[in-house]
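Going by UniProt numbering, the first residue of the sequence shown is number 1, and it counts up by one from there.
We treat Cβ as the ideally placed atom computed from N, Cα and C, and that holds for glycine.
As structure tokens, the structure follows; a few thoughts come after it.
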Amino acid sequence: MWRAAPVSAARRSGVGMRYAEQGVDGLLRDKTRKPGRAPLPTATVAKVLALTCSQPPGAVTHWTGRAVAKAVGISLRAVQRIWEAHRLQPHRLRTFKRSNDPAFAAKVEEIVGLYMDPPCHAVVLSIDEKSQIQALDRTQPGLPLKPGKCGTMTHDYKRNGTTTLFAALNTLDGTVVGRCLPKHTHKEFIKFLNAVERAVPVGKVIHAIVNNYATHKHPKVLEWLADHPRWVFHFTPTSASWINAVEGFFSIITRRRIRRGVFKSVADLQDAIARYIREHNKASKPFVWTKPADIILAKIARLPEPSE
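Printed below as a string of structure tokens:
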């Protein structure tokens with residue numbers, strides 16, 4: 001048998017009052033209620049925005065939410081809502097660096113051109129070295145990852161030596177030629193160039209993108225280049241390592257293999273790096289550069305000019 005849901009006395013009283021005041025129409029819709037929170041005056045919002053974008057008083061470098069709330073006379077949450085609505089994040093800071101290379105534009109156009117439109121019958125290699133990679137052993141084992149708990153690693157470590165990783169990233173297929181050597185002088189660099197020379201098929205021109213490290217311009221290296229005419233060096237602009245594609249590979253191998261690794265010796269570290277490169281090459285993908293040179297140059301032109 002159908003039974004009506006129970007209705008409280010307060011609810012019946014409210015419905016009765018609405019019926020008495022508005023008749024049947026008053027029962028067809030809920031009564032209009034006041035907003036739960038009155039909106040902040042436009043002047044208050046403007047003051048918060050102006051303060052946030054201005055230099056704070058005293059010896060501090062930027063405004064905090066509590067400091068703005070105290071200065072304006074509103075709650076911290078109100079300040080946070082205004083910041084969220086206007087995409088303000090005063091606690092964050094981005095750094096930038098301008099290159100003072102007089103041939104910056106020409107070098108960017110040259111290197112980006114190699115990435116986006118590589119020449120036929122040639123390979124484009126991004127070459128660099130990651131020096132002083134430490135073989136660190138932890139003083140005690142860490143704890144593994146568990147639901148609700150992150151993995152742990154002791155802060156204390158034991159140094160077991162260092163190695164230098166020389167790497168050449170083939171931008172056409174994403175494979176990497178890598179060698180770990182004890183130093184990063186011109187002798188080791190030439191030894192690595194010989195390894196790359198053997199790895200690239202005969203008849204292919206090799207366009208190598210390298211930075212301005214002194215080792216890459218050593219007289220012995222220049223002699224080696226003269227004896228290997230299929231090699232062409234393209235130097236990146238000064239203070240512009242971001243344009244060298246192999247830097248991305250160094251970042252990946254650092255995050256995924258080196259930083260959390262435990263190495264009892266330099267040999268352990270070198271073996272781990274070699275195994276990672278072999279696994280990387282089994283599933284490598286072409287390096288794709290998407291930003292044309294003109295867009296890069298236009299964006300850099302908007303950066304602040306260096307102060308005198």
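Query: Span separating the alpha-carbon of residue 275 from that of residue 236; Result: 29 angstroms
Query: Sub-9 angstroms separation of residue 262 and residue 161 beta-carbons; Result: no
Query: Sequence-distant residues of its chain with Cβ nearer than 6 angstroms to residue 238 (five each side left out); Result: 99, 101 and 212
Query: Any non-hydrogen atom of the ligand ZN closer than 8 angstroms to residue 174 Cβ; Result: With respect to the ligand ZN, the structure offers nothing, as it holds no ligand at all.
Query: Nearest-angstrom Cβ-Cβ length linking residue 207 and residue 303, presumed shorter than 8 angstroms; Result: The pair is not a contact, with the Cβ atoms about 29 angstroms apart (cut-off 8 angstroms).
Query: Meets three-Cβ-pair contact criterion under 8 angstroms: the region 174-186 and the region 140-154; Result: no
Query: Buried versus exposed call for residue 34 [16 or more other C-beta atoms within 10 Å across all chains shown]; Result: exposed
Query: Own chain, CB closer than 6 angstroms to residue 264, minus 5 neighbours either side, in chain order; Result: 137
Query: Burial state of residue 192 (16 or more Cβ within 10 Å); Result: buried
Query: Beta-bridge pairing of residue 294 - partner residues as DSSP gives them; Result: DSSP lists no partner for residue 294.
Query: Close beta carbons around residue 168, own chain, < 6 angstroms, minus the five adjacent residues each side; Result: 125, 127, 177 and 196
Query: Check whether residue 58 and residue 79 have beta carbons under 9 angstroms apart; Result: no
Query: 9 angstroms Cβ cutoff met for residue 49 and residue 93; Result: no
Query: Rounded separation between residue 44 and residue 53 - CA only; Result: 14 angstroms
Query: Residues bridged to residue 55 [DSSP beta-bridge criterion]; Result: BP columns for residue 55 are empty, so no partner.
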